[in-house]
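From first to last, the protein sequence lines are chains R and W. Heads up, the first sequence is in the working numbering, so the first residue is -18 and it goes up one at a time. Heads up, the second sequence is in the working numbering, so the first residue is -18 and it goes up one at a time. The beta carbon of each residue, even a glycine, is placed where N, CA and C say it ideally should be. Heads up: the structure comes next, in structure tokens.
2 protein chains.
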Amino acid sequence: MAVTIKQIATLAGVSRGTVDRALNNRAGVKGEVKEKIIRISNELGYKPNLVAKSLATRGNNHKIGVLVNAKGNDFFSEVFRGIEVAKNEIADFGFKVQIENMQGFDVDEQLTAIDRLVKNDITALAITPINDTRIKNKLAELNEIGIPIVALNTDIEGCDFTTYVGCDYYKSGQTAGGIMGLVTKGVGSILIVSGSNRILGHQLRVKGFTQVIQDECPNINIVSIIETNDNNEIGYIKVGQFLRKNPDLTAVYFAAGGAVGGVKAIMEHDNIHKIKIIANDLTDDRIKHIKSGIIDASICQQPFQQGYIAIKTLFDHLIDIAKVDGQKKFTQIGIKIKYNF
Amino acid sequence: MAVTIKQIATLAGVSRGTVDRALNNRAGVKGEVKEKIIRISNELGYKPNLVAKSLATRGNNHKIGVLVNAKGNDFFSEVFRGIEVAKNEIADFGFKVQIENMQGFDVDEQLTAIDRLVKNDITALAITPINDTRIKNKLAELNEIGIPIVALNTDIEGCDFTTYVGCDYYKSGQTAGGIMGLVTKGVGSILIVSGSNRILGHQLRVKGFTQVIQDECPNINIVSIIETNDNNEIGYIKVGQFLRKNPDLTAVYFAAGGAVGGVKAIMEHDNIHKIKIIANDLTDDRIKHIKSGIIDASICQQPFQQGYIAIKTLFDHLIDIAKVDGQKKFTQIGIKIKYNF
DNA sequence: ATGAAAGCGCTAACAT
DNA sequence: ATGTTAGCGCTTTCAT
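What follows is the structure, encoded as structure tokens:
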């Protein structure tokens, strides 16, 4: 049987209340008494029982707020699944989870959404932050009043108090580059289709991809990088135009959204599937294309884990298992091909 | 606030004890009273609070036994990590975990090890079962006396009461075949190096691999399948011999152990890395070879998750969240190349 | 068959 | 500054 607060109390010759105060740095216990209690606790290797603690506090009315810009973005459905599973696991500990799902990347909208959550008495926040100074300042403010913050899926610069939970975008791009090297046997001319150069993750992917291709595949020529703003229409038009001018293209790397349109353009142009295609993440369309052999591989980032870990990280903080700080919790980078679904 | 047993008691006009008895099918509550309680419970959508339940029962002295044939097998270190994490998570619920690690695949040894665990009062078992009738019978016996069983990493035939937690070996082989198709561009002659045809998982991998190559790569010729018994010496010798007779080999697929030896033979023979290599799982050696470019890709099976999920599955059973039955919990099949570690 | 009460380990409100 | 006590939701023992 594990050592309890009661045993420590007996050994120290004090009451359980005093032990509780001493061990939790609550006010009102004399220095020497506190020291003695802590010493005994260490000697016995005391570990507080989280189950009992939770039952007693009923989670202290903790509520974790989740704020994501996920509307219209299929990718996030798995993130939500992870959040949901974590939510159920911590429900019996008395923890609530409130989700706000937004569309687009308007700073003002995100700011008011944050305020709304705070009004709803959240005690922790998981957010896909816009990489903007005003957001940064707002988060710093929340952190100041004791609200731990997790940056979910996308990181924000200059917030060294948040824990980032998401993928390493640079490495993700490198992995795409590595696969590209394999499927092309290191020869040919390729096109990169990105989302937007203003989005940090997209930038990093392109960078990582380019680095690997340049370092390892001297016989591959990156012909061009085009941007779609994550829009399928634009992807369709721009890729189509490009193909007409460069009919002998070897491969395409889709670093972000707009791939559905881009792939459509490729299919119309290349009916014998000569052009190799590497993409990122999984949506229903993506999976269909991989299974049918149109897309050769997709580089994934464990969205379920991202949702799950984000919530659990905040839970661990609130329940005193581990504190949220400036660390990066990178999810693994997976490779999906036709056969490993 | 969630609905509690107390509320139900008040509404039903009985005591909390009676509600507890009724809801948990304990003896000593009149039929009509029981029905009424259950009806009210359903109407309110009552969900027992697991935290409170755990505190009250202190885990009922549950102890999960783990029996794995992992000695001398690097692969399992990640499985153990997963077990350890799960063990810590359930410790505060009053659950113990006892691990027995064995070497080799002797049926009698495994039987006595099982008995030893039972003598140690385990109330659940996670095991890497030898695919043998006597083991099967023993497990059926345990199941009979109420010990839930999880087959961990390797499945056993004819035990429809166990939950299997591990990878889909056939799909794993298919994935290797798919990657092989990519890296060879569907042309060449390849060698399969397996462990033992007596081991179900190895058989399935070879099958899956062969199927994909035959169906999708008519220009690839599988020259031969050799067995190493998971032994590096044998791998070194046999692969070396083979290469001397077949100097123009294109690629090798290592479906199981013995790869370190086999790779060594290839390196001695092929110093410009013309021969493509696909392997399975990750060990320190494997990672080194992938990072240095000797091995092009390795097909993985989430060993950490296997350990973690096995324990959590048994925990869920013992705590009444979900019952162990004949289902298969397949872990995902990952692909590792130089860049996605 | 059912109720009453104690207790799991901890916290927090109330005394002193 | 410290002790006492009630209580979190549930199980279990002991009465009745």
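*Put Phe74 of chain R into one of helix, strand or coil per three-state DSSP.*
Of the three classes helix, strand and coil, the one that applies to Phe74 of chain R here is coil, per DSSP.
*asked:* Closest to Asn369 of chain R by C-alpha separation, out of R:Ile268, R:Thr114, R:Leu224, would be which residue?
replied: Look at the range of chain R in this structure, -18 to 322, and you will see that residue 369 of chain R is not part of it.
_Residues that Lys309 of chain R bridges to, as DSSP identifies them_ = Note: Lys309 of chain R is bridge-paired with R:Tyr145 in the DSSP secondary-structure output.
_Amino acids of chain W, ordered along the chain, whose beta-carbon sits closer than 7 Å to that of Asn30 of chain R_ = Within 7 Å of the CB of Asn30 of chain R, the CB atoms of chain W belong to Asp73, in sequence order along the chain.
_For Ser170 of chain W: DSSP bridge partner residues_ = Secondary-structure assignment with DSSP links Ser170 of chain W through a beta bridge to W:Asn202.
*Please name the residue or residues paired with Met83 of chain W in a DSSP beta bridge.*
According to DSSP, residue pairing for Met83 of chain W in a beta bridge involves W:Asn50.
*Below-9 Å beta-carbon distance, Asp262 of chain R vs any chain W residue*: No - not a single Cβ of chain W is within 9 Å of the one on Asp262 of chain R.
_Through-space distance from Gly53 of chain W to Ile292 of chain R, alpha-carbon basis_ = When rounded, the distance between both Cα atoms is 37 Å.
_Residue span of the alpha helix (DSSP H) that contains Leu98 of chain R, given as start and end_ = Run containing Leu98 of chain R: 88 to 100, per the alpha helix (DSSP H) assignment.
*Which residues, taken in chain order from the segment 231 to 262 of chain W, show a beta carbon closer than 7 Å to some beta carbon of chain R?*
The residues in question: there are none.
*For Asn321 of chain R, go through chain W and note every residue whose CB falls closer than 7 Å to its CB, in chain order.*
By Cβ distance, chain W contributes Lys152, Thr156, Ile314, Ile316.
_Sequence-distant residues of the same chain with beta carbon closer than 7 Å to Phe86 of chain R, five excluded per side_ = Here Phe86 of chain R has Asn50, Ile111 as same chain residues with Cβ atoms under 7 Å from its own Cβ, once five neighbours each way along the sequence are excluded.
*Considering Val131 of chain W, what are the terminal residues of the beta strand (DSSP E) in which it resides?*
Its beta strand (DSSP E) spans residues 130 to 133.
*Counting Cβ pairs, one atom from each stretch, are 3 or more of them under 8 Å apart for the segment 274 to 289 of chain W and the segment 60 to 76 of chain W?*
Verdict: yes, contact present.
_Give me, in chain order, the residues of the same chain whose beta-carbon lies closer than 7 Å to that of Gly169 of chain R; leave out the 5 immediate sequence neighbours on both sides._
If we look at Gly169 of chain R and ignore the five residues flanking it on each side, its Cβ neighbours are Ile201, Thr231, Ala232.
*If we cut at 9 Å on Cβ distances, does Gly26 of chain W have a partner in chain R?*
The beta carbon of Gly26 of chain W sits no closer than 9 Å to any beta carbon of chain R.
_CA nearest to the CA of Ile247 of chain R, picked from R:Tyr217, R:Phe296, R:Ile80_ = Here the closest residue by C-alpha is R:Tyr217.
*asked:* For Asn69 of chain R, tell me which candidate among R:Asn82, R:Asp55, R:Ile45 has the shortest Cα-Cα distance.
replied: Looking only at R:Asn82, R:Asp55, R:Ile45, the smallest Cα-Cα distance to Asn69 of chain R is reached by R:Ile45.
*How big is the Cα-Cα spacing for Ser273 of chain R and Ile318 of chain R?*
Cα atoms of Ser273 of chain R and Ile318 of chain R: separation of roughly 10 Å, rounded to the nearest angstrom.
*How is Leu185 of chain R classed by DSSP in three states: helix, strand or coil?*
Note: Leu185 of chain R maps to helix in three-state DSSP.
_Tyr289 of chain W (DSSP reduced to helix, strand or coil)_ = In the structure shown, Tyr289 of chain W falls within a helical segment according to DSSP collapsed to helix, strand and coil.
*Closer than 7 Å at the beta carbon, the chain W residues around Ser35 of chain R*: Under the 7 Å cutoff, chain W gives Val32.
*What residues of chain R sit near Leu163 of chain W, judged by a beta carbon separation below 7 Å?*
Leu163, Val164, Asp277, listed in chain order.
*Does any residue of chain W bring its CB to less than 9 Å from the CB of Val60 of chain R?*
At a cut-off of 9 Å, the C-beta of Val60 of chain R has no neighbouring C-beta in chain W.
*Are at least three pairs of beta-carbons, each pair with one atom in the segment 235 to 242 of chain R and one in the segment 186 to 205 of chain R, less than 8 Å apart?*
Touching, yes, given that three or more Cβ pairs across the two stretches are closer than 8 Å.
*Using a C-beta to C-beta distance shorter than 8 Å, which residues of chain R count as neighbours of Gly159 of chain W?*
Neighbours of Gly159 of chain W in chain R, taken as residues whose beta carbon is under 8 Å from its own, are Ile318, Lys319, Tyr320, Asn321 in chain order.
_Against Val187 of chain W, what residues of chain R qualify as contacts under a CB-to-CB distance less than 7 Å, listed in chain order?_
Under the 7 Å cutoff, chain R gives no residues; its nearest Cβ is about 15 Å from Val187 of chain W.
*Report the rounded CA-to-CA distance for Ile72 of chain R versus Ser35 of chain W, giving the unit in angstroms.*
Per the sequence shown, residue 72 of chain R should be read as Ala rather than Ile. Answer to the nearest angstrom: the Cα atoms are 14 Å apart.
*asked:* With a threshold of 6 Å on Cβ separation, who are the neighbours of Val220 of chain R within its own chain once the five nearest residues in sequence on each side are excluded?
replied: So the qualifying residues of the chain are Gly243, Ala246.
_Cβ contact check for the segment 17 to 29 of chain W and the segment 249 to 268 of chain W: 3 or more pairs under 8 Å_ = Cβ pair count under 8 Å is below three, so no.
*With DSSP as the reference, label Ala105 of chain R as helix, strand or coil.*
If DSSP states are grouped into helix, strand and coil, Ala105 of chain R belongs with the strands.
_Best match in R:Ser58, R:Leu48, R:Phe76 for proximity to Met83 of chain R [C-alpha to C-alpha]_ = Answer by Cα proximity: R:Leu48.
*asked:* For Ile194 of chain R, which residues in the same chain have their Cβ closer than 8 Å to its Cβ, ignoring the five residues on either side in sequence?
replied: In chain order, Gly158, Met161, Gly162, Ile171, Ile201, Ile203 place their CB closer than 8 Å to the CB of Ile194 of chain R, counting only its own chain and leaving out the 5 sequence neighbours on each side.
*Unbroken beta strand (DSSP E) run spanning Val233 of chain W, endpoints*: Here the beta strand (DSSP E) through Val233 of chain W covers 232 to 235.
*Note down the Cα distance separating Val0 of chain R from Ile(-11) of chain R, rounded to an integer number of angstroms.*
Val0 of chain R and Ile(-11) of chain R: Cα-Cα distance of roughly 7 Å.
*the segment 307 to 316 of chain R contacting the segment 141 to 156 of chain R, beta-carbon criterion three pairs below 8 Å*: Yes, since at least three Cβ pairs between the segment 307 to 316 of chain R and the segment 141 to 156 of chain R fall closer than 8 Å, the two stretches touch.
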